[in-house]
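Residue numbers 1 to 131, in the UniProt record's numbering, belong to the letters of the sequence shown in order. Every residue, glycine too, gets a C-beta built ideally from N, C-alpha and C. Please read these numbers as outputs of a predicted model, since none were measured by experiment.
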Amino acid sequence: MAQPQGSPEDLGRQASLPWTPGEGGEGLMQAIQALETYKKKDPSKVIVRFKAVGNAPIMKQNFYKITAANRFQAVIQFLRKELSWKAGDPLFTYINLAFSPAPDDTVSNLFKSFATDGHLIVNYSTTAAWG
Numbered sequence: 001m002a003q004p005q006g007s008p009e010d011l012g013r014q015a016s017l018p019w020t021p022g023e024g025g026e027g028l029m030q031a032i033q034a035l036e037t038y039k040k041k042d043p044s045k046v047i048v049r050f051k052a053v054g055n056a057p058i059m060k061q062n063f064y065k066i067t068a069a070n071r072f073q074a075v076i077q078f079l080r081k082e083l084s085w086k087a088g089d090p091l092f093t094y095i096n097l098a099f100s101p102a103p104d105d106t107v108s109n110l111f112k113s114f115a116t117d118g119h120l121i122v123n124y125s126t127t128a129a130w131g
């Protein structure tokens with residue numbers, strides 16, 4: 001009896017692996033190693049300097065080492081924690097008094113592009129200071 005098109009037996013025959021366990025072992029191992037390398041976090045750190053703008057409170061310590069692989073959102077959360085600000089309190093952050101980075105930018109990319117004297121300068125304010 002003929003199976004209708006799209007039946008489970010028909011799909012099983014169509015879905016074949018591009019490699020078998022005995023073939024392509026070297027390419028598979030390279031792919032697994034590449035995935036493991038990608039999963040590892042970059043342990044390098046970036047020095048971030050926080051500077052208050054306007055009426056924002058000044059931090060007692062303004063230099064911190066932050067993991068370069070973190071997103072800028074982690075910097076914002078860290079700053080909120082250090083200032084003891086709630087999630088609803090306004091906080092505006094800027095890089096080098098110029099622009100506000102997207103929360104999903106990585107600290108590493110911002111540091112590579114906008115570092116000044118080996119520091120990433122993050123200005124913070126309670127009101128919008130620059131557009």
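Candidates the options, of which the one nearest residue i by Cα
i, options, result
"G88", "N96, Q77, A98, V46", "Q77"
"T107", "I58, Q30, K65, A34", "In the sequence as displayed, the identity of residue 107 is Val instead of Thr. Minimum Cα distance to V107 is reached at K65."
"T93", "A34, K60, G54, S44", "G54"
"V48", "L28, P90, L79, E36", "L79"
"A44", "T67, T37, G118", "This sequence places Ser at residue 44; Ala is not what is there. Among T67, T37, G118, the Cα nearest to that of S44 belongs to T67."
"L83", "E36, T37, K60", "K60"
Under 8 Å between C-beta atoms of residue i and residue j
i, j, result
"A56", "T126", "yes"
"L120", "V46", "yes"
"F50", "N62", "yes"
Buried/exposed call for residue i, threshold 16 Cβ in 10 Å
i, result
"P101", "buried"
"I32", "exposed"
"T116", "exposed"
"F111", "buried"
"N123", "buried"
"I58", "exposed"
"R13", "Residue placement at R13 is poorly supported in this model, since its pLDDT is 49, which falls under 50; the coordinates still yield a value, given next. That one is exposed."
For residue i: DSSP bridge partner residues
i, result
"K51", "N123"
"K65", "I47"
"T116", "H119"
"T106", "R71"
Uninterrupted beta strand (DSSP E) stretches inside the segment 69-102 (no shorter than 3 residues): Runs of the beta strand (DSSP E) inside the segment 69-102: 92-95.
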